[in-house]
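Take a look at the structure below.
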Amino acid sequence: MTVAHAEAPEKKPESDAKQESAEGEEEEEGEGEAKAEGGEGAEEEEEEEPEDVLPAMQDECRESAKCQPAVKHFQHCTEKVESGKGFKHEDCVEEFVMHCVDNCVAPKLFSKLR
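Numbering follows UniProt numbering, in which position 17 of the sequence shown is assigned residue number 17; successive positions increment by one, without gaps.
Encoded structure:
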């Protein structure tokens with residue numbers, strides 16, 4: 001069974017793909033000549049990417065008093081499992097920490113977005 005993601009391009013037979021790539025190269029060459037002649041295809045000014053505030057907000061919430069019990073429990077569990085003192089096939093679930101962090105970040109995040 002093949003799984004296709006919504007963002008993935010559709011697979012085409014090799015003969016179609018080769019033909020389209022050859023046509024695409026011809027179109028690109030023609031566009032380059034138009035840019036050189038008229039300058040109409042000048043590059044648009046790139047907008048500067050805004051800084052992502054989410055990681056900083058997550059760190060702030062992770063270190064808050066509200067989330068410390070979940071963080072400490074996760075760290076203790078991880079140390080226990082990595083040292084071999086845990087149960088067989090035991091793993092630590094970070095989702096409890098992330099649940100606390102997400103609940104802390106959510107009300108603050110949308111006020112910072114533009």
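Think of the CB as a built atom: it goes at the ideal place given N, C-alpha and C, for glycine as much as any other residue.
Review point. On the premise that Phe74 lies in contact with Val97, defined as a C-beta separation below 8 angstroms, what is that separation, rounded to the nearest angstrom?
Key: 5 angstroms
Check your understanding: Tell me which same chain residues have a C-beta within less than 7 angstroms of the C-beta of Leu109, skipping the five on either side of it?
Key -> Leu54 and Met57
Check your understanding: How far does the alpha helix (DSSP H) with Val101 in it reach, from first residue to last?
Key -> Glu95 to Lys112
Review point. Leaving out five residues before and five after Val71 in sequence, what residues of the same chain have Cβ atoms less than 7 angstroms from its Cβ?
Key: Arg62 and Val97
Point to revise | Inter-residue Cα distance where the pair is Cys100 and Pro107 | key: 12 angstroms
Point to revise | For Cys92 and Lys66, the rounded distance between their alpha carbons | key: 20 angstroms
**Study point:** Under 8 angstroms between C-beta atoms of Glu90 and Val81
**Key:** In terms of Cβ geometry, Glu90 and Val81 form a close pair [threshold 8 angstroms].
Exercise for review: Have a look at Asp52 and Glu46 and give me their C-alpha separation to the nearest angstrom.
Suggested key: 18 angstroms
**Study point:** Pairwise C-alpha distance: Ser111 and Glu48
**Key:** Taken atom to atom, the span from the alpha-carbon of Glu48 to that of Ser111 is near 20 angstroms.
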